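Data block below; observations after.
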Amino acid sequence: MAIEHADVLRAAHLARLGLNSDAEAAGYVDDLTQILEMVDRLQAVDTEGVAPLSHPLDATQRLRPDEVTERDQRERFQACAPATEDGLYLVPRVVE
Amino acid sequence: MQWETVIGLEVHVQLATQSKIFSGASTAFGAAPNTQACAIDLGLPGVLPVLNEGAVAMAVQFGLAIDAEIPETSLFERKNYFYPDLPKGYQTSQMAQPIVGKGEVEIVLDDDVRKRVRIHHAHLEEDAGKSLHEDFHGMSGIDLNRAGTPLLEIVSEPDMRSAKEAVAYIRAIHAIVTYLGISDGNMAEGSMRCDVNVSVRPKGQETFGTRAEIKNVNSFRFVERAIEFEVERQIELIEEGGKVVQETRLYDPDQDETRSMRTKEEANDYRYFPCPDLLPVMLDSAYVEHQRSTLPELPTDKRNRFETDLGLSTYDAGVLSATRPMAEYFEAVLAVCGDAKQAANWVQGELSGHLNRENIDIRNSPVTPEQLGGLIQRVLDDTINGKAAKQVFAALWNNEGQSADEIIEARGLKQVTDTGAIEAIVDQVIADSPVQVAQYRDAEPEKRGKMIGYFVGQVMKASRGTANPQQVNSVLKQKLDEA
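Order-wise, the sequence lines are chains A and B. Counting in numbering that gives the first Met the number 0, the first sequence runs from 0 upward without gaps. Counting in numbering that gives the first Met the number 0, the second sequence runs from 0 upward without gaps.
Right under this line is the structure:
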């Protein structure tokens with residue numbers, strides 16, 4: 000599978016990555032092409048009857064009892080926020 | 000051309016856990032902004048989410064209630080998108096292997112027509128925070144208290160064919176989750192939110208038309224109106240030679256219309272992948288069976304039992320099983336008085352009338368089921384007549400006595416069934432009403448039935464409502480027809 004310049008720009012946009020130049024994007028085209036070539040090689044392996052692996056650890060999820068254990072630490076958390084008001088985090092205006 | 004509407008629904012149900020799906024922060028409604036958003040909810044570096052057993056149990060209970068398969072393994076995935084009320088940049092959700100598989104819900108339409116709606120699956124996910132768009136110096140305010148609240152998203156197959164069916168379906172889901180106690184079902188507070196997928200196709204056509212998704216509709220009435228508007232819009236568009244585009248629309252209740260939000264040009268923008276922080280969830284059959292053993296009787300079963308075992312009408316069974324508090328009240332009354340028909344009449348009549356008039360929830364009824372059951376007992380054993388029973392009910396409602404017996408005693412409402420006593424009153428009334436008596440005796444026998452009402456009224460009045468009406472009737476007939 001070949002990757003093109005436009006694919007890199009789209010992926011970068013979805014991940015909100017700013018690419019500074021065409022040269023930078025071209026570098027990603029090369030890197031990602033190599034990665035996909037490796038994936039293509041893996042695709043050649045016969046995986047018939049093998050369940051997809053969702054997690055590398057051979058373990059299952061531990062469950063937590065439904066209890067409130069956290070207390071309010073708003074002031075500490077908001078100390079590192081760029082802007083707050085009335086207990087709210089302030090962000091650049093979002094209008095949809 | 001004849002058109003057919005096709006509707007599928009995604010219902011997001013907020014689960015009634017104490018704590019969040021992946022953290023120990025509280026889910027209580029109405030707290031000051033961000034006081035219930037902990038480090039995990041905020042997605043701060045180094046935190047590790049741990050799944051809430053309560054949310055798992057609730058999802059499994061729902062699955063069992065709709066006869067769904069509960070797969071042994073389910074997985075959490077990350078759904079990636081950027082929005083300020085989603086602090087991690089992804090929503091932890093499920094896609095490939097959800098916790099609840101295919102199931103079925105029965106809906107009840109007009110004239111007791113029943114229909115099965117297939118459920119594609121239901122999955123667990125976390126809610127996002129809230130954006131407040133009031134002007135904070137050109138900025139938006141973010142409250143993350145809701146971030147991480149557990150949601151069960153229930154995805155139906157496109158099995159509904161009208162707005163009415165869609166509403167019946169949401170009502171059925173609402174009844175199931177509130178019966179199970181896994182959600183408060185409060186739509187006004189956002190505990191149940193619906194995304195509605197609507198398309199139209201010429202009647203008889205097999206393939207589906209292009210659908211539009213209406214987001215975040217949050218009342219039964221709005222679901223109906225949003226669908227009706229959208230169906231009309233799509234038909235008009237097609238008949239004028241246009242094409243429906245796949246898009247997300249928003250229903251505006253003030254304008255009663257749907258409006259385009261954004262075109263969903265790339266459906267797989269979300270780049271789902273397994274969440275590396277959460278291991279596969281394994282549920283063995285012992286766990287599932289344990290959850291099954293905790294299930295209460297479900298609305299459809301209750302309704303059927305009320306009809307077949309208790310002999311109630313379809314209508315009564317439907318009303319009395321509509322909500323769990325209503326059903327529990329009715330059953331508590333029945334346990335005391337032992338007469339289902341009477342219990343049904345009183346709960347739906349006098350009690351519901353009073354509750355509706357004063358806008359009181361049945362859970363807060365001033366008359367307890369034990370009191371109402373006790374009152375009905377006194378009607379059944381002829382201690383009081385129907386008229387006195389209403390007085391007793393009013394007195395119980397106004398807290399003017401602890402029990403029906405106490406009120407009957409204090410107010411002398413005990414029904415007079417002593418024939419001698421009734422005859423004495425009847426004789427007095429006849430003696431006091433010579434004109435009416437003469438009219439009665441002159442009348443054709445078929446007209447007398449109506450005329451006797453006057454005398455019954457007088458006798459009841461003279462006995463302060465305590466005379467047995469059937470006895471009064473027969474004694475009057477006998478004495479008036481005598482001459």
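Here a beta-carbon is modelled for each residue, glycine too, at the ideal position from N, C-alpha and C. None of these values were measured; they are calculated from a predicted model.
Residues, ordered as in the chain, of the segment 33-67 of chain A that lie near chain B by beta-carbon distance below 7 Å:
SER53, HIS54, LEU56, ALA58, THR59, GLN60, ARG61, LEU62, ARG63, PRO64, ASP65, GLU66, VAL67
Residue closest to LYS242 (chain B), alpha-carbon to alpha-carbon, out of B:GLU357, B:SER259, B:LEU249, B:GLY208
B:GLY208
For CYS336 (chain B), the three-state DSSP class (helix, strand or coil)
helix
GLY137 (chain B): contacting residues in chain A (beta-carbon distance under 9 Å):
PRO91, ARG92
Check whether the Cβ of GLY86 (chain A) lies closer than 8 Å to any Cβ atom in chain B.
yes
Hey, how far is the Cα of GLY352 (chain B) from the Cα of ILE359 (chain B)?
10 Å
Looking only at DSSP bridge pairs, what is ALA466 (chain B) linked to?
B:VAL415
One question on the structure: do ALA388 (chain B) and LEU379 (chain B) come within less than 8 Å of each other, judged by their Cβ atoms?
no
Going by DSSP, what residues sit across from MET138 (chain B) in a beta bridge?
A:PRO91, B:PHE135
Rounded C-beta distance between THR382 (chain B) and LYS340 (chain B)? I'm assuming under 8 Å.
Contact doesn't hold; Cβ gap of about 19 Å is too wide.
Can you tell me whether GLU264 (chain B) is helix, strand or coil according to DSSP?
Unreliable positioning characterises GLU264 (chain B) in this predicted model, as indicated by a pLDDT of 46, which lies under 50. The coordinate reading is nonetheless provided below. DSSP places GLU264 (chain B) in coil when its eight states are reduced to three.
Which residues of the segment 248-260 of chain B have a Cβ closer than 7 Å to any Cβ of chain C? Give them in chain order.
Looking for chain C here will not work: the only protein chains present are A and B.
Residues of the segment 75-89 of chain B with Cβ closer than 9 Å to any Cβ of chain A, in chain order
PHE75, GLU76, ASN79, TYR80, PHE81, TYR82, PRO83, ASP84, PRO86, GLY88
Does the Cβ of PRO365 (chain B) have 16 or more other Cβ atoms within 10 Å, making it buried, or fewer, making it exposed?
By the C-beta density criterion, PRO365 (chain B) is exposed, having fewer than 16 other C-beta atoms within 10 angstroms.
Are any of the Cβ atoms in chain A nearer than 8 Å to that of ARG304 (chain B)?
no
Taking the CB atoms as reference points, tell me whether ARG55 (chain B) and VAL280 (chain B) lie closer together than 8 Å.
The sequence shown places Val at residue 55 (chain B), not Arg. Yes; because the gap between Cβ atoms is below 8 Å, this pair is in contact.
For ASN398 (chain B), I'd like the list of residues in its chain whose CB is within less than 7 Å of its CB, leaving aside the five on either flank, ordered along the chain.
PRO365
Report the rounded CA-to-CA distance for TYR168 (chain B) versus SER292 (chain B), giving the unit in angstroms.
26 Å
For TYR250 (chain B) versus ILE213 (chain B), is the C-beta distance shorter than 8 Å?
yes
So if I threshold CB-CB distances at 8 Å, which residues from the segment 12-36 of chain B count as touching chain A?
THR16, GLN17, SER18, SER22, GLY23, ALA24, SER25, ALA31, PRO32, ASN33, THR34, GLN35, ALA36
Can you give me the Cβ contacts of ASN363 (chain B) inside the same chain, cut-off strictly under 8 Å, excluding the 5 residues immediately before and after it?
Within the same chain, ASN363 (chain B) has no close Cβ partners at all.
Using a threshold of 8 Å, state whether the C-beta atoms of ILE39 (chain B) and PHE61 (chain B) are closer than that.
no
Determine whether the beta carbon atoms of LEU87 (chain A) and ASP142 (chain B) lie at a separation below 8 Å.
yes
Of all the options B:ARG220, B:MET325, B:GLN390, B:HIS11, which has the alpha carbon lying nearest to the alpha carbon of ASP253 (chain B)?
B:ARG220
Could you check whether the segment 71-89 of chain A touches the segment 159-166 of chain B, counting it as contact only if at least three pairs of C-beta atoms, one from each stretch, sit closer than 8 Å?
Segments in contact, no.
Threshold first: 3 residues or longer. Then list the beta strand (DSSP E) segments lying entirely within the segment 175-235 of chain B, N to C.
191-201, 211-216
The alpha helix (DSSP H) with ARG291 (chain B) in it runs from where to where?
Here the alpha helix (DSSP H) through ARG291 (chain B) covers 284-292.
With a threshold of 8 Å between beta carbons, is ASP71 (chain A) in contact with chain B?
yes
Spatial distance of SER18 (chain B) from ASP65 (chain A) (CA atoms):
Roughly 6 Å between the two C-alpha positions.
According to a CB-to-CB cut-off of less than 8 Å, which residues of the segment 1-13 of chain A neighbour chain B?
Interface annotation for the segment 1-13 of chain A against chain B: LEU13, criterion Cβ-Cβ distance under 8 Å.
Partner residues on chain A for SER351 (chain B), Cβ-Cβ distance less than 7 Å:
Neighbours of SER351 (chain B) on chain A: none; closest Cβ ~35 Å, over 7 Å.
Exposure of LYS87 (chain B), with buried meaning 16 or more beta-carbon neighbours within 10 Å:
buried
Opening and closing residue of the beta strand (DSSP E) in which SER517 (chain B) lies:
In the structure as shown, chain B begins at 0 and stops at 482. Residue 517 (chain B) is therefore absent and cannot be evaluated.
Name the two residues that bound the continuous beta strand (DSSP E) containing LYS78 (chain B).
76-79
Quick one: what does DSSP say LYS460 (chain B) is sitting in, helix, strand or coil?
helix
From the beta carbon of ALA78 (chain A), is the nearest beta carbon of chain B less than 8 Å away?
no
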